Amino acid sequence: MARYSCSFYSPQPAGTLRQHLSQALKACNFEVIHDDPEYIVGREIPGRVAYSKLVVVEALVDKPEQGRGQAKINCVLKNEELPLRQDNHCRQVFDIFKRAVQERTSWQLT
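Here the sequence shown stands for residues 133 to 242, numbered as in the numbering used here.
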């Protein structure tokens with residue numbers, strides 16, 4: 133199973149973060165299949181690649197810690213494909229997703 137993760141920090145309210153994240157997912161050809169205040173799941177729209185290569189994004193929104201003022205989003209992108217090559221489909225989608233988030237927001241990538 134291919135699996136890639138990243139975290140973003142932002143001073144924006146959690147509601148705004150979720151809205152920007154949903155927009156980034158849609159821009160990357162994902163459909164949001166689960167959305168609640170602390171957890172968002174998106175799935176790559178079927179039809180372009182084999183089923184085992186379809187990427188799923190899980191995003192956990194951590195509310196700002198007391199006195200810190202920044203919310204954190206932990207994202208995991210994964211699929212069932214064995215990562216036999218370094219430049220596999222999941223990695224390509226991961227890079228596109230990170231770029232889309234960074235272009236649409238002022239979030240700090242960690």
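Virtual Cβ for every residue (Gly too), placed ideally from N, Cα, C.
Keep in mind that this is a model prediction, so the values were computed, not measured.
Which class does residue i belong to by DSSP, given the choice of helix, strand or coil?
{"i": "residue 222", "result": "helix"}
{"i": "residue 156", "result": "helix"}
{"i": "residue 190", "result": "strand"}
{"i": "residue 177", "result": "coil"}
{"i": "residue 170", "result": "coil"}
{"i": "residue 234", "result": "helix"}
{"i": "residue 203", "result": "strand"}
From the options, pick the residue whose C-alpha is nearest to that of residue i; which is it?
{"i": "residue 241", "options": "135, 133, 166, 143", "result": "143"}
{"i": "residue 237", "options": "224, 180, 140", "result": "140"}
{"i": "residue 146", "options": "171, 186, 228, 208", "result": "171"}
{"i": "residue 219", "options": "196, 149, 185", "result": "185"}
{"i": "residue 204", "options": "212, 211, 195", "result": "195"}
{"i": "residue 178", "options": "151, 169, 202, 211", "result": "211"}
{"i": "residue 152", "options": "193, 222, 209", "result": "193"}
{"i": "residue 136", "options": "163, 190, 235", "result": "190"}
{"i": "residue 221", "options": "232, 180, 231", "result": "180"}
If you draw a straight line from the alpha carbon of residue i to that of residue j, how long is it in whole angstroms?
{"i": "residue 175", "j": "residue 167", "result": "12 Å"}
{"i": "residue 133", "j": "residue 165", "result": "21 Å"}
{"i": "residue 161", "j": "residue 187", "result": "10 Å"}
{"i": "residue 157", "j": "residue 201", "result": "25 Å"}
{"i": "residue 155", "j": "residue 207", "result": "15 Å"}
{"i": "residue 173", "j": "residue 225", "result": "15 Å"}
{"i": "residue 148", "j": "residue 214", "result": "35 Å"}
{"i": "residue 103", "j": "residue 217", "result": "In the structure as shown, the chain begins at 133 and stops at 242. Residue 103 is therefore absent and cannot be evaluated."}
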